[in-house]
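Okay, structure first, notes after.
Protein chains: 2
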Amino acid sequence: MKLDAASMAASSNEQRNRALENAAEKLRAHAAEVFAENEKDLAAATEAGIAPAVMKRLKFNEDKLNDVLAGIRQLVSLPDPLGKVSLARELDEGLRLYRVSCPIGVIGVIFEARPDALVQISTLCIKSGNCAILKGGKETTYTNRALFRLIHEAVTEAGLPENALLQAEQHSEIDELLSCDRDVDLLIPRGSNAFVQYIMNNTKIPVMGHADGICHIYVDKAADFGKAVPIIVDAKTQYTAACNAVETLLVNREIAGEFLPLLAEALKAEHVRLLGTREVREIIDVTEITEDEFREYLDLAVSVKLVKDVDEAVSHINRFGSHHTDSIITEDRETALKFMQMVDSAGVYQNCSTRFADGFRYGFGAEVGISTGKIHARGPVGLEGLVTYKYKLFGDGHIVGDYAAGRRQFHFRDLEKDADRD
Amino acid sequence: MKLDAASMAASSNEQRNRALENAAEKLRAHAAEVFAENEKDLAAATEAGIAPAVMKRLKFNEDKLNDVLAGIRQLVSLPDPLGKVSLARELDEGLRLYRVSCPIGVIGVIFEARPDALVQISTLCIKSGNCAILKGGKETTYTNRALFRLIHEAVTEAGLPENALLQAEQHSEIDELLSCDRDVDLLIPRGSNAFVQYIMNNTKIPVMGHADGICHIYVDKAADFGKAVPIIVDAKTQYTAACNAVETLLVNREIAGEFLPLLAEALKAEHVRLLGTREVREIIDVTEITEDEFREYLDLAVSVKLVKDVDEAVSHINRFGSHHTDSIITEDRETALKFMQMVDSAGVYQNCSTRFADGFRYGFGAEVGISTGKIHARGPVGLEGLVTYKYKLFGDGHIVGDYAAGRRQFHFRDLEKDADRD
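So the sequence lines, in the order shown, correspond to chains A and B. Residue 450, in our numbering, is where the first sequence stops; the numbers in between run on with no holes. Residue 450, in our numbering, is where the second sequence stops; the numbers in between run on with no holes.
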């Protein structure tokens, strides 16, 4: 089935908002049915002996419903991301160029477990005028089917094309989707690291997201320990399963003797397991490992290593990190700026917790996800990550031959951006 | 060998401009040596029986030198693409977020034949603070080596890192480069369609460029024939080898009887071979082919097909086109706007030649290339296609736990963009 990206690109903001409002109404009106379908999934999961942590993510209840409804209301209130003019220029008399934002086209969304992700991402695609192919995890087949049906009805009743949204249900369809590089413009995977890594390694379609999040904090010799210790405790323990939790601490050798005992005491009080290089073990009690064994724990554990200076910290981060978010603790402005210029990550911080890397905390509202890629969108990505642009050129019989022969000249005059003829 | 992207990211605009000025001086001072090396390549090419058209592209003479020197001078005069602040926001008292442009990192440049491309792209990378791995065609080994040596000297003498530029000379190194998805952030191929297609199909690294350029012109029933005919002649004949030359004409069935004879007469006067569907052959003299046989000719030949309306034209273009540049000829504003919204191409034009799709004609100055991808940069790409951004967050001991517990609240206050502390 071919998705109707061209019609979606021509839809109005009013139609797209109406589809979102319809979706919110339908989800509210048919909540009991959705919850009943979710019970079927939960029962099957219980029978299959699914782990309690996963069970929690499978659940779609009143709380989750309220969250997605709040998200939809917020989306409706956002300005239209399409038709924004970022360049308006008269090339010559009667020849006007506009660079205008437009949908990317067809977004493939592949997610594990969480049925609320289906609602969240499909509504982001609707708002941004994209078509979406949605493939959820088999653990929530019943819930996904019920949610998809309601959203699809909402879309068609708003006059948007029947083929704006497509649901893929078979597991084999993941590989099929990954091979559709002619028809799918962007993939957004949501799930475990291994899952995202698999997607990234098995497709030619651009992937927006992140596999691992190996975030670092470098404690400089000019660090204020009174800031360093609480920041590290926060970054490690506030939510250990998050991709922006800190996984590796780099400590300047000059202050290690004084700082590490303070740090160890604070982390041990929070039951954080410490691992570190031999040099670290000579100062505090850690499980000795080499830097090649440092990894993403997503748990109450952290790796520690000593470095000579900010340059060595930068080298370590760029080599072993995942280009997500890294922080320096220092009172020295020059050192901080150097760190922030040289560390090749989406987020580079001074004197604050890596846990701030999040669309909500950046004040972005609706979040598509966090991207560690450097092409297109980077870091926490809002609706703008789902749009691209095209150049519209309005002429009146203009031909290049006239300019090549010198009969006419370009004059390149910038126009008011709101003067778009579109 | 590891490229020193971190040091390049920390370089100043002055250093990068000095490197460019050094390069221009050295190229001028050592022109005779470079031309002599080029003579060796040309002699080898003559001996190997290389086609005259290719020979022309291998040549590096006074004219080509003057072109690249003019390009370098223009690059020096452009503002620094790095350090531009596109978002500045105080999240809370003392917690300030900036989104700042920065280099992408390491750019792999793979080009066939033209040695001037080596100078052009390496200087664009220098200006934008990127490291570059340059792999030229074996036909110009001597010329490339001479050019690279001069540019590399210019870079190091300006105080930029030794490892900012790397030259790859072995053919086997192409496949090695394509597999370096951990170390290379973006590939820019320059060469034939088959060459670019090979690159795109054999790497996980994002590729910026275009393989084919199957551009369309749709002649609507509300077309002014006095504009349509010269535009089509220009788009087809002004420079047939260009990717933005028109390859397929779609003509509204209602006007075909009247329009096609006019068109055929004009194109035949320019020695353009006409190919078309059976329906077209019933009106004018064309070689009959089916729409599946339409292709990119890059020559004095064009395919013609009749369509019912703008919707059918859009469907054909989105299915058979290459998302490059497509034009509608119509006096009907609504039809034009619909075409421009629904055609999924980097350039969508009304009443002008597809040949306008070009960075110089858009007034962009230095051009990296034309991209038909929809992620990152699209259409003619200037320096901005070689930069990304990072988020810099400056705090003073801020932790997420305080906000999660409600002890502190974000206030999201936009700051002056020039107030960047960086």
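Note that the Cβ used here is the ideal one computed from N, Cα and C, for glycine as well. Note that the structure is a prediction, hence the values are computed from the model and not measured.
For isoleucine 227 (chain B), the uninterrupted alpha helix (DSSP H) segment begins and ends at 221-229. In the displayed model, cysteine 153 (chain A) falls within a helix according to three-state DSSP. Residue-level contact by beta carbon fails for aspartate 69 (chain B) and chain A, as no gap is shorter than 9 Å.
Of all residues in the segment 375-399 of chain B, only Gly375, Val376, Tyr377, Gln378, Asn379, Cys380, Ser381, Arg383, Phe384, Ala385, Arg389, Tyr390, Gly391 come within less than 8 Å of chain A when Cβ atoms are compared, listed by chain position.
Inter-segment contact for the segment 408-415 of chain B and the segment 116-123 of chain B is absent: fewer than three beta-carbon pairs are separated by less than 8 Å. Minimum Cα-Cα distance from leucine 152 (chain B) among the listed residues B:Ile312, B:Gly413, B:Ala433, B:Arg435 corresponds to B:Gly413.
Put simply, of B:Leu146, B:Phe63, B:Leu290 the residue whose alpha carbon is nearest the alpha carbon of valine 96 (chain B) is B:Leu146. Within a 10 Å sphere around the beta-carbon of phenylalanine 322 (chain A) sit 16 or more other beta-carbons, which makes this residue buried. Aspartate 262 (chain B): member of the alpha helix (DSSP H) spanning 253-265, first to last residue.
Legend: CB atoms of the segment 334-351 of chain A lying less than 7 Å from CB atoms of chain B belong to residues Val342, Asn346. In the DSSP annotation of this structure, histidine 180 (chain B) is not part of any beta strand (DSSP E); the continuous alpha helix (DSSP H) holding it starts and ends at 169-185. When Cβ-Cβ separations below 9 Å define contact, valine 371 (chain A) makes contact with chain B. Only those residues of the segment 262-279 of chain B whose C-beta falls short of 7 Å from the nearest C-beta of chain A are listed: Asp262, Gln266.
Among the bridge pairs identified by DSSP, histidine 426 (chain A) is matched with B:Cys380.
Rounded to whole angstroms, the gap between the alpha carbons of arginine 210 (chain B) and threonine 265 (chain A) is 30 Å.
With respect to chain B, the C-beta atom of threonine 416 (chain A) has a partner C-beta closer than 9 Å. Note that the segment 363-378 of chain B does not touch the segment 168-185 of chain A; fewer than 3 beta-carbon pairs, one per stretch, sit closer than 8 Å.
DSSP links lysine 54 (chain B) through a beta bridge to no other residue. Contact annotation: threonine 231 (chain A) and aspartate 69 (chain A) have beta-carbon atoms that are not nearer than 9 Å. Residues of the same chain with a CB within less than 6 Å of the CB of methionine 370 (chain A), apart from the 5 flanking positions on each side, are Val342 in chain order.
Collapsing the DSSP output to three states places proline 408 (chain B) in a strand. In this structure, B:Gln378 is the residue among B:Gln378, B:Phe438, B:Glu53 with its C-alpha nearest to the C-alpha of glycine 122 (chain A). Here glutamine 195 (chain A) carries a strand assignment [DSSP, helix/strand/coil]. DSSP places arginine 301 (chain A) within a strand segment (E or B) once states are collapsed to three. For lysine 366 (chain B), the neighbours in chain A by C-beta distance under 7 Å run, in chain order, Ala38.
With a 10 Å radius around the Cβ and a threshold of 16 neighbouring Cβ atoms, alanine 269 (chain A) comes out exposed. Closest in alpha carbon position to tyrosine 431 (chain A), among B:Phe438, B:Glu190, B:Ser381, B:Val376, is B:Ser381. Looking only at B:Leu328, B:Val274, B:Thr318, B:Val332, the smallest Cα-Cα distance to arginine 281 (chain B) is reached by B:Val332.
Taken in chain order, the whole beta strand (DSSP E) runs of length 3 or more contained in the segment 85-147 of chain B are 113-120, 123-131, 134-139. Here histidine 344 (chain B) carries a helix assignment [DSSP, helix/strand/coil]. Closer than 9 Å to the CB of phenylalanine 440 (chain B) there is at least one CB belonging to chain A. Classified as buried, proline 143 (chain A) has 16 or more neighbouring CB atoms from the shown chains inside 10 Å of its CB. Nearest Cα to lysine 112 (chain B) within the set B:Val415, B:Arg436, B:Ser200: B:Val415.
Closer than 9 Å at the C-beta level to chain B, one finds these residues of the segment 398-412 of chain A: Gly401, Lys402, Ile403, His404, Ala405, Arg406, Gly407, Pro408.
Counting the other Cβ atoms within 10 Å of the Cβ of threonine 171 (chain A) gives 16 or more, which makes it buried. Per the C-alpha coordinates, the member of B:Gly429, B:Ile427, B:Gly387, B:Ser373 positioned closest to lysine 402 (chain B) is B:Ser373.
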